[in-house]
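*Asks:* Just dropping this structure here.
2 protein chains.
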Amino acid sequence: MELKIDVHTAAARLANIVHHTPVLRSRTLDDLVGAEVSLKCENFQRTGAFKFRGAYHAASRLPAEQLAKGLVTYSSGNHGQAVALAARELGVSAVVLMPHDAPRSKVSATLAYGAEVITYNRYSDDRQTLGADLAADRGMTVIPPYDHPDIIAGQGTAALELLNEVGPLGMLVVPVGGGGLMAGCALVATHQFPSVRMIGVEPAAGDDTRRSLYAGRRVAVDVPHTIADGQTAPQPGELTFEINRRLVESVVLVTDEQIREAMRFAFERMKIVIEPSGASALAALMSGAVERLPARVGVIVSGGNIDRERFTAITMPQAT
Amino acid sequence: MELKIDVHTAAARLANIVHHTPVLRSRTLDDLVGAEVSLKCENFQRTGAFKFRGAYHAASRLPAEQLAKGLVTYSSGNHGQAVALAARELGVSAVVLMPHDAPRSKVSATLAYGAEVITYNRYSDDRQTLGADLAADRGMTVIPPYDHPDIIAGQGTAALELLNEVGPLGMLVVPVGGGGLMAGCALVATHQFPSVRMIGVEPAAGDDTRRSLYAGRRVAVDVPHTIADGQTAPQPGELTFEINRRLVESVVLVTDEQIREAMRFAFERMKIVIEPSGASALAALMSGAVERLPARVGVIVSGGNIDRERFTAITMPQAT
């Protein structure tokens, strides 16, 4: 690839802007899984998810004149909040296209960051076309959710911080939606420690990246119906797939029930709130979906944006 | 005082035993409160609360022969779990006296750490007498929940870690039950930064330390009925009160509803699970109970042991 994706440079640009999120450990989890597990807690990131890293990074690299005209994006939620906050921090306006059924807490948080929200139908509209039309109309720049080198570089800073803090890991387990977080993490992790095994995790209902890796080309699936609303991209990005096909060992699948169980464990044993998509990598470890674990494993907990009502509905036993 | 309470020595003994817990920040909280707030997250401590620091420290300082005969304690929950785990780590047995109405999750966690649990009536039995009798019968040593120099020194290591990480603070806000956490934190914080203002927080229903500070002597109140089950000691300890009367500026009060609101905020905005007692210091800041805030404030989040059912019941609006 000729594209320059430099996670270290992104990290320098994001210093003092993003939170350096903590890494949590649990002996109970280690015993359960049979490895030393380090959780990189991006649920504590600004806006409640890793997405702020990429969004701010991409926006901040726009030429000043272009940036001044404002930002547009489409998002199932967390990327929208991320662009909204990035715009506010950079002093420009933002429009966020959100699916009509996005969780209430995500919509209201996006509005609270000062963005304009326009809704679309997740199952019938093409959000990319809508976003491009809107950008053309208003002269704004689209900040895509994952398929862009500056987004990928920004997301990778999560893995860079983790590795700088805990040292070499035998494996890094990462949730996969459009693949931007995975691509950024894979680039920096395999650069720092070439032997690290990169494992992606998708919800079973949305296994587009797993299928694409088997097929050797990008495969689309029906828009997934899953509680993991941050992982419903129906196919991998072009750029993210090019990176991930080279650097990712495999993508494993988790059921909604396995995600629920990871969320319960996180709440009761680790005292942290994780949204469904954010819990998928932890769920993969806890459910045994990941095989041949090395001694030291890193997990990206990618987000924590879920209101109490939905958390309760999702995690209570009768909901399963 | 001639008693030697050395928090630095305790910290050295506890290194590699206790978790060095993270300090979390929230810009939303800072804006709400009007100060830079650092939350020392002892809900991420082993056993889910700061209590493990003091319990392990006290147990580990017993003479080997005495330690070998085992440990006894009485506790509304978290100290019981702490003694249970300390005993397991030190390879000795433990008996924990727990109130008959202790939260289910605290009882089962104590059992899971391998301790024997004996229940008593919180409103009629004298737990200290029960504990002393049991210790005499079995030759075991009582590890009291707060009124002991080694407990106090251990608890103070939470504040020492916080100050080492964030530097000088104008104020440290600490939940007060029996006063052990506050005494340890006050000793080390005022030693490091003599101008730091120490503010205690009690539930309004259990204001024994606040009353005692006004009276200039230890005052007992009726056993408090509050959701803050870790702050139901009816009077301050002898030793803890001697320390706190000298070093604590004031104790402020929070209602159960203010605690609920802090728990909701912690869940939805900070993505952390805090039990009612653990949220009282945060509640005091959020409710405006603490006056004349300096620029930089530290808060001890003392514990996170609450199961999902109770968390939901406590935090849902109709419960108020």
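Just so you know, the sequences run in chain order G and P.
Each residue of the first sequence is one higher than the one before, starting from 19 at the first, in this note's numbering.
Each residue of the second sequence is one higher than the one before, starting from 19 at the first, in this note's numbering.
In this text, a Cβ means the ideal position worked out from N, Cα and C, and glycines have one as well.
#1: Check the C-beta distance from G:L187 over to G:L181 and give it rounded, since I have them as a contact under 8 Å.
#2: Roughly how many whole angstroms lie between the Cα atoms of P:D325 and G:A82?
#3: Can you grab the Cα-Cα spacing for the pair G:P197 / G:K289, in whole Å?
#4: With 9 Å as the threshold, decide whether the Cβ of G:G132 is near any Cβ in chain P.
#5: By Cβ distance below 6 Å, which residues in the same chain neighbour P:L257 in space, the five residues on each side in sequence not counted?
#6: Does the structure place the region 203–223 of chain G close enough to the region 233–249 of chain G that three or more beta carbon pairs sit under 8 Å?
#7: Give the single residue among P:S93, P:V266 and P:A307 whose Cα lies nearest to the Cα of P:A280.
#8: Once DSSP output is grouped into helix, strand and coil, what is the label at G:Y141?
#9: So, is the C-beta of G:L42 closer than 9 Å to a C-beta in chain P?
#10: On the three-state DSSP scale, how would you describe G:V101?
#11: Going by beta-carbon coordinates alone, are P:R229 and P:V219 separated by less than 9 Å?
#12: For chain P, find out if any of its Cβ atoms is closer than 9 Å to the Cβ of G:H75; answer yes or no.
#13: Compute the minimum distance between the beta carbon of P:V41 and the heavy atoms of the ligand MG, and state whether it is under 8 Å.
#14: If we ignore side chains and look at the alpha-carbon of each, how far apart do P:K69 and G:Q249 end up?
#15: If you pair each beta-carbon of the region 46–60 of chain G with each one of the region 310–323 of chain G, do three or more pairs fall below 8 Å?
#16: With a threshold of 8 Å, are at least 3 pairs of Cβ atoms found where one atom belongs to the region 126–140 of chain G and the other to the region 107–115 of chain G?
#17: Is there at least one Cβ from chain G nearer than 9 Å to P:N61's Cβ?
#18: Would you say G:M334 lies against chain P (beta-carbon separation less than 9 Å)?
#19: Which parts of the region 210–252 of chain G are runs of the alpha helix (DSSP H), unbroken and 4 residues or longer, counting only runs that do not cross its ends?
#20: So what's P:R122 in DSSP terms, helix, strand or just coil?
#21: So, does the region 94–110 of chain P touch the region 199–208 of chain P, judging by three or more C-beta pairs under 8 Å?
#22: Identify, in the order they occur along the chain, each residue of the same chain with its Cβ nearer than 6 Å to the Cβ of G:P294, setting aside the five sequence neighbours on each side.
#23: Might you give, ordered along the chain, the residues of its own chain that have their beta carbon closer than 7 Å to the beta carbon of P:A302, omitting 5 neighbours on each side?
#24: On the criterion of 16 or more Cβ atoms from any shown chain inside 10 Å, does P:T333 qualify as buried, or is it exposed?
#25: Does the beta carbon of G:T338 sit closer than 9 Å to a beta carbon anywhere in chain P?
#26: For the region 309–334 of chain G, list every residue whose C-beta sits within 7 Å of some C-beta in chain P, in sequence order.
#27: Would you decide whether P:K124 is buried or exposed? Buried here means 16 or more other CB atoms lie within 10 Å of its CB.
#28: Considering only residues of the region 130–178 of chain G, which uninterrupted alpha helix (DSSP H) runs meet the minimum length of 4 residues and lie entirely inside it, listed in chain order?
#29: Could you check whether the Cβ of G:V125 sits closer than 9 Å to any Cβ belonging to chain P?
#30: How is P:P254 classed by DSSP in three states: helix, strand or coil?
#31: Beta-carbon within less than 8 Å of P:V214's beta-carbon, same chain only, minus the 5 sequence neighbours each way: which residues are those?
#32: So that I know if they touch, is there some Cβ in chain P lying closer than 9 Å to that of G:H37?
#33: Rounded to whole angstroms, how far is the Cβ of G:Y74 from the Cβ of G:G149, which I believe are closer than 8 Å?
#34: Quick one: residues in its chain with C-beta nearer than 7 Å to the C-beta of P:A284, no 5 flanking neighbours on either side, listed in chain order?
#35: Could you check the C-alpha separation between P:P163 and P:A30 for me, to the nearest Å?
*Replies:* According to the data block:
#1: With a Cβ gap of about 7 Å, G:L187 and G:L181 count as contacting.
#2: Taking the straight line from one Cα to the other gives about 50 Å.
#3: The amino acid occupying residue 197 of chain G in the given sequence is Gly; Pro does not appear at that position. Distance from the CA atom of G:G197 to the CA atom of G:K289, rounded to whole angstroms, is 28 Å.
#4: Not one chain P Cβ lies under 9 Å of G:G132.
#5: Result list for P:L257: D165, in chain order.
#6: Verdict: yes, contact present.
#7: Checked all of P:S93, P:V266 and P:A307; the closest Cα to P:A280 is P:A307.
#8: In the displayed model, G:Y141 falls within coil according to three-state DSSP, outside both helix and strand.
#9: Cβ-Cβ to chain P under 9 Å: yes for G:L42.
#10: Helix.
#11: No, these two residues do not count as a Cβ contact at 9 Å.
#12: It does not: the Cβ of G:H75 has no partner Cβ on chain P nearer than 9 Å.
#13: In the structure on display, the ligand MG does not appear, and there are no ligands present to speak of.
#14: The alpha-carbon of P:K69 is positioned some 39 Å away from that of G:Q249.
#15: Here the region 46–60 of chain G lies against the region 310–323 of chain G, with 3 or more beta-carbon pairs under 8 Å apart.
#16: Three or more beta-carbon pairs drawn from the region 126–140 of chain G and the region 107–115 of chain G are found closer than 8 Å, and the two stretches are therefore classed as touching.
#17: With 9 Å as the cut-off, P:N61 counts as an interface residue toward chain G.
#18: Contacts with chain P at 9 Å (Cβ-Cβ) include G:M334.
#19: Runs found: 226–233.
#20: Three-state result, P:R122: helix.
#21: They do not touch, by the three-pair rule.
#22: Closer than 6 Å at Cβ, skipping near neighbours: I245, A246 and I277.
#23: These residues qualify, in order along the chain: V191, V219, V270, V272 and V308.
#24: For P:T333, the number of other beta carbons within 10 angstroms of its own is at least 16, and it is reported as buried.
#25: Bear in mind that the predicted position of G:T338 carries a pLDDT of just 43, short of 50, making it unreliable; the figure below should be weighed with that in mind. It does not: the Cβ of G:T338 has no partner Cβ on chain P nearer than 9 Å.
#26: Listed by position along the chain: G322, D325, R326, T330 and T333.
#27: Within a 10 Å sphere around the beta-carbon of P:K124 sit 16 or more other beta-carbons, which makes this residue buried.
#28: Counting only runs of 4 or more, we get 145–156.
#29: Output row for G:V125: interface = no.
#30: Three-state result, P:P254: coil.
#31: The answer, listed in chain order, is P186, L187, G188, M189, L190, A207 and T208.
#32: It does: the Cβ of G:H37 has a partner Cβ on chain P nearer than 9 Å.
#33: About 19 Å; that fails the 8 Å criterion.
#34: Taken in chain order, the residues that qualify are I290, I292, A297 and L300.
#35: If I take the Cα positions, the gap works out to 21 Å.
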